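Working notes, structure below.
Number of protein chains: 4
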Amino acid sequence: MSGRLLGSLATTDALADAFSDTAMLQGMLRFEAALARAEARAGLVPAAVADAIASLQPDAFDAPAIADAARKSGTIAIAFVDALRARIGAVDTAAASYVHWGATSQDVTDTALVLCLQQARTTIDAHHARLTTALTYLSEQHRDTVLLARTLLQPAAPTTFGLKAAGWLGAIDRGYTALDAAGRNAAVLQFGGASGTLAALGTKGPEVAELLAGELGLTCPDAPWHAHRDRLAALIAACGVYTGSLGKLARDVSLLMQFEVAEAAEPGGGSSSMPHKRNPAGCAVVLAASTRLPGLVAAFLAGMPQEHERGIGGWHAEAATIADAVQTTGSAAAAAAELTTALTVDPDRMQRNLSGTRGVVFAERAMTMLAPAVGFDAAKRAVAAAVAQAAQGQASFAEALAATDAAAALTAEQKADLTDPRAYLGAAETFRRRLLDRKG
Amino acid sequence: MSGRLLGSLATTDALADAFSDTAMLQGMLRFEAALARAEARAGLVPAAVADAIASLQPDAFDAPAIADAARKSGTIAIAFVDALRARIGAVDTAAASYVHWGATSQDVTDTALVLCLQQARTTIDAHHARLTTALTYLSEQHRDTVLLARTLLQPAAPTTFGLKAAGWLGAIDRGYTALDAAGRNAAVLQFGGASGTLAALGTKGPEVAELLAGELGLTCPDAPWHAHRDRLAALIAACGVYTGSLGKLARDVSLLMQFEVAEAAEPGGGSSSMPHKRNPAGCAVVLAASTRLPGLVAAFLAGMPQEHERGIGGWHAEAATIADAVQTTGSAAAAAAELTTALTVDPDRMQRNLSGTRGVVFAERAMTMLAPAVGFDAAKRAVAAAVAQAAQGQASFAEALAATDAAAALTAEQKADLTDPRAYLGAAETFRRRLLDRKG
Amino acid sequence: MSGRLLGSLATTDALADAFSDTAMLQGMLRFEAALARAEARAGLVPAAVADAIASLQPDAFDAPAIADAARKSGTIAIAFVDALRARIGAVDTAAASYVHWGATSQDVTDTALVLCLQQARTTIDAHHARLTTALTYLSEQHRDTVLLARTLLQPAAPTTFGLKAAGWLGAIDRGYTALDAAGRNAAVLQFGGASGTLAALGTKGPEVAELLAGELGLTCPDAPWHAHRDRLAALIAACGVYTGSLGKLARDVSLLMQFEVAEAAEPGGGSSSMPHKRNPAGCAVVLAASTRLPGLVAAFLAGMPQEHERGIGGWHAEAATIADAVQTTGSAAAAAAELTTALTVDPDRMQRNLSGTRGVVFAERAMTMLAPAVGFDAAKRAVAAAVAQAAQGQASFAEALAATDAAAALTAEQKADLTDPRAYLGAAETFRRRLLDRKG
Amino acid sequence: MSGRLLGSLATTDALADAFSDTAMLQGMLRFEAALARAEARAGLVPAAVADAIASLQPDAFDAPAIADAARKSGTIAIAFVDALRARIGAVDTAAASYVHWGATSQDVTDTALVLCLQQARTTIDAHHARLTTALTYLSEQHRDTVLLARTLLQPAAPTTFGLKAAGWLGAIDRGYTALDAAGRNAAVLQFGGASGTLAALGTKGPEVAELLAGELGLTCPDAPWHAHRDRLAALIAACGVYTGSLGKLARDVSLLMQFEVAEAAEPGGGSSSMPHKRNPAGCAVVLAASTRLPGLVAAFLAGMPQEHERGIGGWHAEAATIADAVQTTGSAAAAAAELTTALTVDPDRMQRNLSGTRGVVFAERAMTMLAPAVGFDAAKRAVAAAVAQAAQGQASFAEALAATDAAAALTAEQKADLTDPRAYLGAAETFRRRLLDRKG
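Residue numbers (the working numbering), protein chains in the order written: chain A, 11 to 450; chain B, 11 to 450; chain C, 11 to 450; chain D, 11 to 450.
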């Protein structure tokens with residue numbers, strides 16, 4: 011519950027709408043109308059009930075009053091159903107008796123929340139699609155763009171930006187595939203009545219449940235899941251994994267965008283005090299999300315051991331966490347899509363930064379050339395000496411190495427290779443291709 | 011960013027107000043006006059600037075537009091300051107140049123957030139005061155009310171409800187004392203300018219900072235803390251510890267309120283399907299908070315390693331987490347205050363539940379009587395036999411024990427004590443007294 | 011890193027073995043031997059290297075010394091490879107040059123950890139199998155055992171213990187299916203060399219990787235995943251969801267085992283002070299796991315945004331978290347299997363507890379009978395009056411309701427049904443059946 | 011429960027010792043001996059009991075067997091006390107009856123854990139002292155060393171390395187002060203007997219508790235705290251905040267140590283594949299700790315709502331979490347002390363990196379010079395033009411600005427200042443001084 015200002019980086023307009031009061035009221039109304047319709051088809055309630063409910067709009071309800079009442083009863087459903095029944099009763103007393111027939115509070119709030127999630131998933135899906143398009147493009151464009159790999163933030167042997175982008179894509183897409191599957195898996199109706207047996211519907215519970223699920227476009231689960239929250243938990247956990255991979259992308263871009271590195275840049279934003287600044291604002295939004303999600307996932311999981319047929323506390327903790335986690339995930343996907351779509355890459359600078367290492371990043375390569383020839387220890391001494399000289403700026407690594415005794419064991423071609431990054435890319439293109447192919 | 015419905019249990023009206031768009035705008039306006047005032051006193055900007063800012067109200071700003079813009083720049087401050095400058099510029103061009111003089115985005119947003127926190131703390135303080143009053147009253151009223159202690163949810167030797175309530179009070183009050191101290195400690199001005207040196211103010215930075223802090227009623231820290239978030243972290247962590255202790259209280263009450271235990275009850279709320287239900291809704295709100303806070307604390311802490319003079323991502327993750335954590339904490343304190351104030355306690359039922367154990371909870375006592383006399387192993391055998399008989403319902407533990415050989419070692423008084431809970435309360439009253447005295 | 015005493019509840023002997031120093035050394039040796047074998051087959055290194063490595067046992071290495079060295083280099087691999095090379099070099103200097111050929115530290119430690127995980131998964135799988143057998147048995151045995159449903163810890167309309175057990179089974183089995191899939195998905199080779207391109211192997215990288223994966227019984231991924239940790243993250247998250255569902259089972263059992271409820275009991279353990287105690291120790295182990303896992307999942311996810319081609323910090327945080335999370339999960343599965351296998355259920359007590367409500371749990375049922383006949387408001391008044399009377403112990407709910415005016419609308423059969431729990435179980439058996447069928 | 015290899019970065023030898031089986035056994039023996047001594051002084055048990063216990067060493071106990079037994083009873087105390095009683099009984103049957111007199115399992119395990127914590131705190135204290143010495147030295151040495159401030163990883167106006175080091179020191183020291191206070195606060199005896207009333211000691215409970223606390227060098231709390239875990243929670247939370255500030259230091263150092271920045275470097279460690287590498291291994295250890303702690307804090311807090319007089323699950327989750335959290339914190343402090351003590355700083359490179367921005371970081375300064383003179387908008391245009399030219403490398407920012415019309419408003423001195431970082435350090439030295447003075 012932050013205002014839009016304090017929550018500005020953790021949602022988008024569309025995602026905030028998906029979890030707004032209007033969306034929840036709409037979801038609850040859809041549930042109650044569909045329930046009445048299903049029960050009418052099963053011969054349990056008069057047909058008029060559904061029509062009466064369907065005629066109502068969210069703005070017929072006082073959301074703040076319902077929210078206040080929830081603090082007394084533990085759920086927004088009671089005040090909502092009371093208000094709904096009163097609305098219906100004002101025009102059709104008989105119909106009012108059949109409102110919410112056989113359902114329990116959790117049936118309507120859980121299902122309405124699931125409907126909100128469906129809406130949010132559509133939004134996130136579009137962001138993810140844009141993101142994969144942008145990453146695929148970047149990877150293809152920069153198939154042959156060579157840059158330093160960096161391990162523990164130190165220069166390593168070269169790689170390609172095409173592989174780097176494909177690596178981001180691979181993890182992000184695996185994460186989204188799992189998130190999407192978890193989302194579909196969680197798109198289930200909640201409908202169990204007071205004790206999860208649908209006893210109030212006699213023998214017609216399962217039939218009504220099927221009809222109700224059909225009305226709402228949701229899956230009818232094998233049984234109600236009032237106190238079994240694993241499907242939602244898996245969805246929130248998948249948000250955490252996906253956002254973690256988005257965070258990895260943003261971490262990399264923000265590092266590449268450092269003034270001293272300057273190999274890639276997102277458009278970013280300005281500063282209120284420094285006119286020269288170009289801040290990686292998109293990265294900031296994504297990294298903020300990957301900072302928050304682990305805790306939100308923990309908050310959800312911590313509530314899972316719910317008591318008996320309806321929990322106390324664990325269940326009540328969920329709604330705010332779900333809304334936060336999903337919006338923050340979508341906000342990150344949106345920012346990641348934007349920043350990758352507009353990313354500028356500087357292959358020349360990548361080349362210059364690589365050259366700036368004076369060839370020391372080929373020390374491993376030299377080892378694999380020398381060790382079989384002169385023995386591991388002698389090779390190690392020669393390479394270490396050359397690395398030290400290059401570091402002092404007196405010569406390039408290749409030059410310094412050529413001056414060692416051990417270098418006698420090297421062919422001219424081998425020596426030349428020690429100055430050519432393109433000769434030391436190994437399977438970079440094979441890996442890149444495979445990562446992209448996965449997307450079909 | 012959940013709507014009021016999805017966030018209904020995680021805040022109150024007053025707490026939601028403290029973190030609303032209006033509150034943030036008000037806080038940012040207060041900062042900018044006070045800054046201009048301080049700088050005018052230091053001779054840096056014209057006096058008219060402060061007056062011009064002070065004449066503006068929050069509703070002069072378009073919060074949603076500012077929130078949207080934040081996604082581009084990473085902060086709400088830029089759009090806010092632009093709008094503010096435009097407002098001022100429309101009536102006084104010269105003054106507009108001096109708006110936000112020498113400050114950076116984070117100065118205004120951090121300080122505004124600190125001002126929001128101050129408002130929230132006042133609210134929470136009132137809830138805590140009511141809660142301690144209620145717990146003190148319960149403890150005094152039930153100084154001599156005996157009930158089963160329960161360990162791992164199994165009956166143990168008796169204690170008093172007075173001590174139980176005092177135990178809740180002790181932990182909750184220690185937690186609040188720490189939370190309050192952390193809150194005061196975090197009530198610090200943020201003011202460092204672009205790089206945390208206040209360089210734009212020349213030599214007058216520290217002087218202006220002191221004046222500015224004074225204007226806002228905040229402490230002036232030894233230095234700006236743009237990327238050092240320990241004070242806020244400590245506050246959020248203290249929310250976690252405090253809410254954990256509130257959760258312990260709510261856990262206990264919800265267990266005591268079980269139909270099968272029925273030793274205490276909060277007023278609670280009803281059910282949308284079951285007219286007979288009296289749900290411990292207050293406990294649910296508190297337990298929900300103690301379920302969520304650990305994750306929110308983790309979310310804050312995870313963002314602490316912020317880069318250089320202003321972080322990327324870690325900082326941007328904070329606002330939503332702080333707003334959530336503090337509101338949820340306050341929501342729990344409010345619910346705890348309400349439920350304890352209205353708690354009904356049933357000493358008779360406590361006595362009956364104790365009697366229902368047929369005295370087996372005095373098995374430890376019997377051991378301490380018998381072991382010195384007949385040896386540990388013989389005592390253990392006798393007690394085990396008596397426990398088994400009592401469990402089968404054939405006799406009370408005291409009767410069954412009296413029939414063992416070992417019982418010959420017991421005096422008549424000792425045997426009588428094995429049926430009197432009041433004779434086995436040890437230091438309960440001493441501990442209770444001490445816990446209450448702590449409150450002065 | 012706790013000793014066995016402080017970690018006693020968070021692992022088992024078999025699981026501790028899977029992450030022991032011996033297991034890690036064995037895993038690293040297996041990797042290096044298989045690597046040499048694969049490279050020999052690809053014609054890159056002499057055949058003797060693999061044989062020399064394969065002849066070594068874990069106890070040839072000084073684990074504490076390797077662990078100490080890791081604090082200097084950030085990885086145990088360097089000291090391990092140095093020691094390995096020295097061992098090989100002592101007998102075959104030429105072979106020593108080819109040890110660890112083309113691999114990087116993370117290749118050997120990540121793959122060894124994956125091999126540890128494989129071992130642990132086998133153990134957990136056996137625990138889960140025992141658990142599902144026990145739950146299936148309980149559900150079948152108690153297909154018709156009626157007990158109170160309880161919502162927010164208050165009595166609700168009846169359900170069956172068969173459905174309750176099936177509900178546990180459903181969630182736990184869904185969780186395990188996901189955990190098992192995540193485990194298989196994470197059973198991938200790590201092999202990328204210094205920069206993730208296998209450049210040191212020239213064009214033979216992918217071929218060697220396939221051979222190496224085959225040797226180790228692991229999947230060869232599309233590309234190295236040094237800084238893309240989503241597969242491991244998904245596994246740890248799945249541990250969190252599974253353990254959450256185990257925690258729900260344990261929460262329920264511990265509540266059913268309360269002296270005042272006494273509907274089911276695990277064998278449990280004793281007390282050091284109270285001879286009569288029978289503590290639900292199995293539930294304690296499981297609940298402890300479900301308390302710890304959310305934080306461990308958060309700890310893993312927080313490290314996901316890893317820098318460039320090898321992270322700093324995020325990666326280094328993983329090993330301890332993975333070992334903890336998986337052992338704690340397995341410990342919970344083992345305890346859950348034990349406690350459910352030995353669970354005693356008391357149908358008579360269930361019936362008595364149900365009767366103890368004096369029929370008020372049928373209030374919902376009465377509403378569905380009365381509301382259509384006399385209108386919602388009149389029905390509500392009649393039911394409320396009957397509930398109040400029953401609560402005061404003057405009459406059963408059915409008797410009290412029969413005395414109201416509204417009751418004239420009820421048939422004799424309807425009235426009789428209000429005293430028969432078996433007539434109000436709705437679809438309990440259908441749901442139970444479906445949940446069990448899922449297991450095939 | 012990871013082996014030393016998997017946990018190598020998350021502890022040190024000394025810290026692992028503090029939570030080893032030997033340490034726990036020693037702690038439990040100390041508790042039982044001190045208890046017997048205290049009870050002998052209070053006239054409750056024979057003097058021989060304490061002597062008999064005191065004569066035993068940890069190696070008299072089978073730690074693995076005790077750990078295994080804990081899975082059956084939920085606590086290591088029962089098997090330990092049984093073994094202790096058997097040991098004593100073998101030489102003095104009478105004394106055996108008085109072993110563990112009046113205490114409960116949790117009394118001995120909680121107190122032993124507190125004693126382990128005391129030992130760990132001494133170790134951490136020494137690391138922290140070294141760290142503050144190193145940071146103070148760095149700050150004093152580099153009082154006048156100018157470098158770029160960096161916000162969102164982009165260059166900002168200059169600051170001093172002296173202030174940067176002082177900022178680290180300030181946050182870390184505030185964090186340690188809080189951690190130390192929390193540690194002292196948690197150094198309390200646990201002694202409440204079966205139900206927390208010390209009933210087994212009759213009226214002598216409080217007296218024995220005082221004597222026992224005195225024997226152990228611990229504070230005697232106002233009351234037992236079996237299910238009130240706030241003191242330990244506050245300690246673990248303080249570990250989280252402190253480690254967060256250590257993580258900020260390590261993040262900064264790892265960024266400064268990038269090849270492309272190269273302004274500071276820790277000694278670091280090598281690579282198993284790349285001979286040229288110098289990895290910031292110390293930073294990796296610290297960052298790993300700050301990645302893990304948030305989740306460990308969450309794991310502790312999640313267990314706080316413990317049931318009645320002794321919790322089920324929440325309590326049982328604590329020991330492993332505490333041992334992990336404290337060791338990881340100490341491991342980070344040790345690594346931070348080492349890396350700062352050996353940190354090399356390159357003032358020349360700092361100067362070169364600053365110059366490399368071609369003066370654009372003085373854009374803010376130019377704004378404060380121009381805006382009052384030519385109006386905000388004109389100033390903004392001139393500055394933006396100059397920034398753009400400098401970015402294209404055609405001229406320095408100062409040169410480009412001097413060529414604008416607006417520049418006519420600047421004095422020669424002002425123009426000169428735009429090329430002198432030392433003229434734009436504001437209150438850097440004042441803030442640095444204040445941060446250092448705090449340590450007095």
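Every residue gets a Cβ at the ideal spot worked out from N, C-alpha and C, and that includes glycine. Predicted model only: the values in this text are computed from it and were never measured.
Is residue i close to chain F? Criterion is C-beta to C-beta, closer than 8 angstroms.
i	result
K287/C	Included in the structure are the protein chains A, B, C and D, with no chain F among them.
Based on the DSSP secondary-structure assignment, which residues constitute the bridge partners of residue i?
i	result
V156/C	T170/C
V198/B	T229/B
T161/D	R320/B and Q164/D
Taking the Cβ atom as the reference point for each residue, do residue i and residue j lie within a distance shorter than 8 angstroms?
i	j	result
V251/D	A197/D	no
V59/B	A46/B	yes
R131/D	G193/D	yes
V355/A	F171/A	yes
A327/B	A309/B	yes
V384/B	A422/B	no
T440/A	P231/C	no
A113/B	M34/B	no
D183/C	T142/C	yes
G436/B	G203/D	yes
Between the options, which has its C-alpha nearest residue i's C-alpha?
i	options	result
R81/A	A291/B, Q404/B, A408/B and A100/B	A291/B
A343/B	G13/B, R14/B, T21/B and L15/B	T21/B
A274/C	A298/C, F90/C, L297/C and L157/C	L157/C
T367/D	A383/D, R51/D, I332/D and Q404/D	Q404/D
A298/A	A312/C, I63/C and P285/C	A312/C
R443/C	K174/C, D387/C and A376/C	K174/C
Y456/D	A419/B, A347/B and M377/B	Residue 456/D lies beyond the stretch modelled for chain D, which goes from 11 to 450, so this question has no answer here.
Q402/D	V370/D, V263/D and A419/D	V370/D
E49/D	A223/D, C249/D, L420/D and G278/D	A223/D
F41/C	S281/C, E225/C and S406/C	E225/C
At a threshold of 7 angstroms, does residue i count as lining the ligand COA (C-beta to nearest heavy atom)?
i	result
A237/D	The model depicted lacks the ligand COA and carries no ligand whatsoever.
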